[in-house]
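Peer 1: Here's a structure for you.
In the working numbering, the protein residues as written are 222 to 452.
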């Protein structure tokens with residue numbers, strides 16, 4: 222991926238935008254712990270260099286409609302090299318037809334390319350479906366598949382968090398709840414998991430797990446790795 226080429230280009234600043242909703246947003250809900258954007262940012266600067274930065278542009282409750290409404294204001298002025306788009310949960314909650322969701326996501330990616338930046342699509346983790354609204358699962362899965370299909374159509378990199386998270390939910394739902402703060406949002410353990418997945422997707426080494434998180438995190442992550450057949 223492009224970021225591997227940035228290592229030797231220390232005379233140039235590289236800016237990444239994390240563009241999405243509450244799963245991206247900076248907030249106090251993780252009790253002082255990093256979210257996945259923070260973890261990835263730290264790993265990038267450690268492995269690629271201090272000339273790489275991430276700007277968090279997540280806003281809770283948003284759909285593809287709101288991202289389109291503010292992309293000119295929030296993304297374009299930063300002149301990013303790369304934009305990670307993570308959206309679709311609220312579109313499913315609001316029962317947006319997948320065709321509209323896909324078209325808006327395609328427009329977002331086209332606009333990013335128009336800013337001379339690289340769009341990257343990222344799926345969500347797996348929600349706790351049995352605690353969510355009726356028929357949400359079908360809509361949500363359709364949106365995540367739309368990310369996969371659109372990444373192939375447009376030749377984009379895909380970070381498929383869902384594929385890594387879902388097997389644990391299906392096989393061990395009680396363990397899976399340890400990663401979540403509610404049915405639709407990950408907690409600090411889920412955020413670290415997302416940080417590991419996106420780091421691996423960009424060819425970075427796994428993030429060193431803090432000592433006070435190892436006992437909670439490592440058994441879950443090891444189980445997820447085995448179930449997802451992630452090597």
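Beta carbons are placed, not taken as given, at the ideal position from N, Cα and C, and that holds for glycine.
1) Output yes or no for whether 8 Å exceeds the beta carbon distance between residue 307 and residue 371.
2) Compare the beta carbon distance of residue 364 and residue 319 with 8 Å and say whether it is the shorter of the two.
3) Just to confirm, are residue 258 and residue 227 a CB contact at a threshold of 8 Å?
4) Measure the CB-CB distance between residue 385 and residue 313 and report whether it falls below 8 Å.
5) Where does residue 232 fall in DSSP's three states?
6) Skipping 5 residues on each side, what residues in its chain have a beta carbon closer than 7 Å to that of residue 346?
7) Ignore the nearest five residues each way along the sequence and tell me which others in residue 299's own chain have a CB closer than 7 Å to its CB.
8) Could you tell me the distance, in whole angstroms, from the CA atom of residue 271 to the CA atom of residue 392?
9) Three-state secondary structure (DSSP) at residue 298?
10) I think residue 288 touches residue 329, with their Cβ atoms under 8 Å apart; what is that distance to the nearest whole Å?
11) Can you find a C-beta in chain C that's less than 8 Å from the C-beta of residue 253?
12) Kindly identify the DSSP beta-bridge partner or partners of residue 412.
13) Which of helix, strand or coil does DSSP assign to residue 434?
14) Give me the residue from 325, 230, 423 with the minimum Cα distance to residue 265.
15) Quickly, what does DSSP pair residue 277 with across the bridge? List them, please.
Peer 2: Working from what's here:
1) Along the chain shown, one-based indexing puts residue 307 at 86. Along the chain shown, one-based indexing puts residue 371 at 150. Taking 8 Å as the Cβ cut-off, residue 307 and residue 371 do not qualify as a contacting pair.
2) Position 143 of the chain shown, counted from the start, is the residue given in the question as residue 364. Position 98 of the chain shown, counted from the start, is the residue given in the question as residue 319. Result yes, Cβ atoms of residue 364 and residue 319 sit closer than 8 Å.
3) For this step, residue 258 is matched to residue 37 along the chain shown. For this step, residue 227 is matched to residue 6 along the chain shown. It is not a contact, given that the beta carbons lie outside the stated cut-off.
4) Looking up residue 385 in the chain shown gives position 164. Looking up residue 313 in the chain shown gives position 92. No. Outside cutoff.
5) Within the chain shown, the letter at position 11 stands for residue 232. Note: residue 232 maps to coil in three-state DSSP.
6) For the purposes of this step, residue 346 is identified with residue 125 of the chain shown, where counting begins at 1. 382, 383, 386, 407, 411, 415.
7) Working through the chain shown from its first residue, we reach residue 299 at position 78. Closer than 7 Å at Cβ, skipping near neighbours: 236, 238, 276.
8) Counting from 1 along the chain shown, the entry for residue 271 is found at position 50. Counting from 1 along the chain shown, the entry for residue 392 is found at position 171. About 40 Å.
9) If you number the chain shown from 1, residue 298 lands on position 77. Three-state DSSP puts residue 298 in a helix.
10) Taking the chain shown and counting its residues from 1, one reaches residue 288 at position 67. Taking the chain shown and counting its residues from 1, one reaches residue 329 at position 108. So it is a contact: roughly 6 Å between Cβ atoms.
11) The chain inventory of the structure shown lacks chain C, comprising one protein chain alone.
12) The count along the chain shown starts at 1 and reaches residue 412 at position 191. Answer is none; residue 412 lacks a bridge partner.
13) Position 213 of the chain shown, counting from 1, holds the residue named residue 434. In the structure shown, residue 434 sits in a helix (DSSP, three-state: H, G or I).
14) Looking up residue 265 in the chain shown gives position 44. Looking at the Cα atoms, 423 is the closest of the given residues.
15) Translated into positions along the chain shown, residue 277 becomes position 56. 239.
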